[in-house]
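Peer 1:
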């Protein structure tokens, strides 16, 4: 692990500590806030990084101070033999946290294998508990499979499972209490996420966003007063955490209305090896080309150091101050550059 003097800081004095790796741009759901279009342009299969290439890149990132890795997608469980990659990364001495974000539709068959391979934590997307609404939100009839995946993860020994709910005004905002009850009963921690105007959110509007204050007001109306917890230990974590009177913990990620760019220490790697320093960034750094031309981990680390040192991204804060704020990109622009898509660069 590099010393603080060896780890680069960007122009706002933010270190690079966390990496989200998309292992595939494919997804088996079509959630309206992420993939609302009828057709998508997929990354060429020949461009997708091999597991060996991913581990080499992770080695490069750890030389700069990265110690937490999260596997994402698309839907990462669509990547064949994913537990093999998990085992390879779990063996890396510089990583002290290895997590996965999934919609859980395919988790029932994989949970035990992922746990045995060394996966430490799970975050599971769950926007509703109602079958008809699930079909409307995702355009797939898969709620039972997702719930079975959550149960299988608990049986496999995963603790501290986090459930993520994107709150959409007029679509699922009447289920906040129901979802919180479900999480509490299962021993999980629920996190409510404001609807974000990222790439892929071609139907985003201010009116559809339920801000943190309103989320908390609805929770208090159902459960009584809540209080913030662990505020002094939040650091760069995206969620502000709260507790009900009975001690049940939950979080709110207010990326849209109260962004936290000043503490952001995370970056993203697409399935074809493009490095993005911000979820809202228009351009990434191609790492696959030099890697496949023979660059080693140290060579890539120097490329990353230069890019991170010049970073000044604060995309969510800039979006907050925009007049006439709308979607980040329209469908035509996304078709021309699929790297702008949320499902390509990972959430």
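Numbering (this note's numbering), first residue to last: 13 to 359.
For each residue, glycine too, the CB sits at the ideal point set by N, CA and C.
1) Which residue comes first and which comes last in the alpha helix (DSSP H) that contains residue 146?
2) In chain order, which continuous runs of the beta strand (DSSP E) of length 3 or greater are located wholly inside the segment 59–114?
3) So, helix, strand or coil for residue 33, using DSSP?
4) Have a look at residue 8 and residue 106 and give me their C-alpha separation to the nearest angstrom.
5) Measure the alpha-carbon distance for residue 69 versus residue 297 and round it to whole angstroms.
6) For residue 164, I'd like the list of residues in its chain whose CB is within less than 7 Å of its CB, leaving aside the five on either flank, ordered along the chain.
7) According to DSSP, is residue 274 helix, strand or coil?
8) With a Cβ-Cβ cutoff of 9 Å, do residue 209 and residue 340 count as a contact?
9) Would residue 112 pass as a contact of residue 66 if the rule is Cβ separation under 9 Å?
10) Cα separation between residue 19 and residue 56?
11) Looking only at C-alpha atoms, which of 304, 294, 193 and 306 sits nearest to residue 3?
12) For the candidate residues 206, 241 and 143, whose alpha-carbon lies nearest to that of residue 153?
13) Just to confirm my understanding: we take residue 194, look at its own chain, exclude 5 residues before and 5 after, and list those with CB closer than 7 Å. What are they?
14) Which residue from 74, 82 and 117 puts its Cα closest to that of residue 89?
15) What do you get for residue 239, buried or exposed, if any count of 16 or more other CB atoms within 10 angstroms of its CB means buried?
16) Look at residue 173 and residue 135 and say whether their C-beta atoms are less than 9 Å apart.
17) Compare the C-alpha of residue 283 against each of 327, 356 and 103 and name the closest.
18) When DSSP labels each residue in this structure, what does residue 331 get in the three-state scheme?
19) Looking at residue 180 and residue 222, is the spacing between their C-beta atoms short of 9 Å?
20) Keeping to the same chain, check which residues put their C-beta closer than 7 Å to that of residue 169; ignore five residues upstream and five downstream.
21) Per DSSP, which one or two residues make a beta bridge with residue 253?
22) Label residue 252 either buried or exposed according to how many other C-beta atoms from any shown protein chain fall within 10 Å of its C-beta, with 16 as the threshold for buried.
23) Just mark residue 183 as buried or exposed, buried being the case when its beta carbon has 16 or more other beta carbons within 10 Å.
24) Assuming residue 196 and residue 260 make a contact with CB atoms under 8 Å, what is their CB distance in whole Å?
25) Starting from residue 312, trace the beta strand (DSSP E) both ways and give me its first and last residue.
26) Would you decide whether residue 247 is buried or exposed? Buried here means 16 or more other CB atoms lie within 10 Å of its CB.
27) For residue 49 and residue 146, what's the separation of their Cα atoms in angstroms?
28) Tell me residue 203's beta-bridge partners as DSSP assigns them.
29) With distances taken Cα to Cα, identify the nearest neighbour of residue 349 among 171, 211 and 244.
Peer 2: Reading from the atomic positions:
1) Working through the chain shown from its first residue, we reach residue 146 at position 134. Segment 143–150, the alpha helix (DSSP H) holding residue 146.
2) 80–84 and 109–114
3) As a position in the chain shown, residue 33 is number 21, starting the count at 1. Strand.
4) Outside the shown range of the chain, which is 13 to 359, sits residue 8, and nothing can be said about it.
5) As a first step, residue 69 is located in the chain shown; it is residue number 57 there, counting from the start. As a first step, residue 297 is located in the chain shown; it is residue number 285 there, counting from the start. Taking the straight line joining both Cα atoms gives about 13 Å.
6) Residue 164 sits at position 152 when you count from the first residue of the chain shown. Result list for residue 164: 119, 120 and 123, in chain order.
7) Mapped onto the chain shown, residue 274 falls at position 262. Residue state, collapsed to three classes: helix.
8) Within the chain shown, residue 209 is the residue found at index 197, counting from 1. Within the chain shown, residue 340 is the residue found at index 328, counting from 1. The answer is yes: Cβ separation under 9 Å.
9) Position 100 of the chain shown holds residue 112. Position 54 of the chain shown holds residue 66. No; because the gap between Cβ atoms is not below 9 Å, this pair is not in contact.
10) The sequence position of residue 19 within the chain shown is 7, counting from 1. The sequence position of residue 56 within the chain shown is 44, counting from 1. Straight-line Cα distance between these residues: approximately 34 Å.
11) Examination of residue 3 is not possible in this model, given that the chain is present from 13 through 359 alone.
12) Translated into the one-based positions of the chain shown, residue 153 becomes position 141. Considering only alpha carbons, the answer is 143.
13) Along the chain shown, read from residue 1 onward, the residue named residue 194 stands at position 182. These residues qualify, in order along the chain: 141.
14) Mapped onto the chain shown, residue 89 falls at position 77. Ranking the options by Cα distance to residue 89, first place goes to 117.
15) For the purposes of this step, residue 239 is taken as the residue at position 227 of the chain shown. With fewer than 16 Cβ atoms within 10 Å of its Cβ, residue 239 is classed as exposed.
16) For the purposes of this step, residue 173 is identified with residue 161 of the chain shown, where counting begins at 1. For the purposes of this step, residue 135 is identified with residue 123 of the chain shown, where counting begins at 1. Contact: yes.
17) The residue given as residue 283 occupies position 271 in the chain shown. The shortest C-alpha separation from residue 283 is found at 356.
18) Position 319 of the chain shown holds residue 331. Helix.
19) Start at 1 with the first residue of the chain shown, and residue 222 comes out as number 210. Start at 1 with the first residue of the chain shown, and residue 180 comes out as number 168. Their beta carbons are under 9 Å apart, which means residue 222 touches residue 180 by this criterion.
20) Here the question's residue 169 lines up with position 157 in the chain shown. Cβ within range, chain order: 127.
21) Stepping through the chain shown from its first residue, residue 253 is reached at position 241. Partner(s): 241 and 263.
22) Here residue 252 is taken as the residue at index 240 of the chain shown, counted from 1. Buried is the call here.
23) Along the chain shown, read from residue 1 onward, the residue named residue 183 stands at position 171. Buried, because 16 or more other Cβ atoms sit within 10 Å of the Cβ of residue 183.
24) As a working mapping, residue 196 is identified with position 184 in the chain shown. As a working mapping, residue 260 is identified with position 248 in the chain shown. With a Cβ gap of about 5 Å, residue 196 and residue 260 count as contacting.
25) Position 300 of the chain shown, counted from the start, is the residue given in the question as residue 312. Residue 312 -> not in any beta strand (DSSP E); alpha helix (DSSP H) instead, spanning 309–321.
26) The residue labelled residue 247 in the question sits at position 235 within the chain shown. Answer is exposed; the Cβ neighbour count stays below 16.
27) Numbered from 1 along the chain shown, position 37 holds the residue referred to as residue 49. Numbered from 1 along the chain shown, position 134 holds the residue referred to as residue 146. Near 17 Å, if we compare the C-alpha coordinates of residue 146 and residue 49.
28) Within the chain shown, residue 203 is the residue found at index 191, counting from 1. Looking at the DSSP assignment, residue 203 forms a beta bridge with 176 and 263.
29) Against the chain shown, residue 349 aligns to sequence position 337. Ranking the options by Cα distance to residue 349, first place goes to 211.
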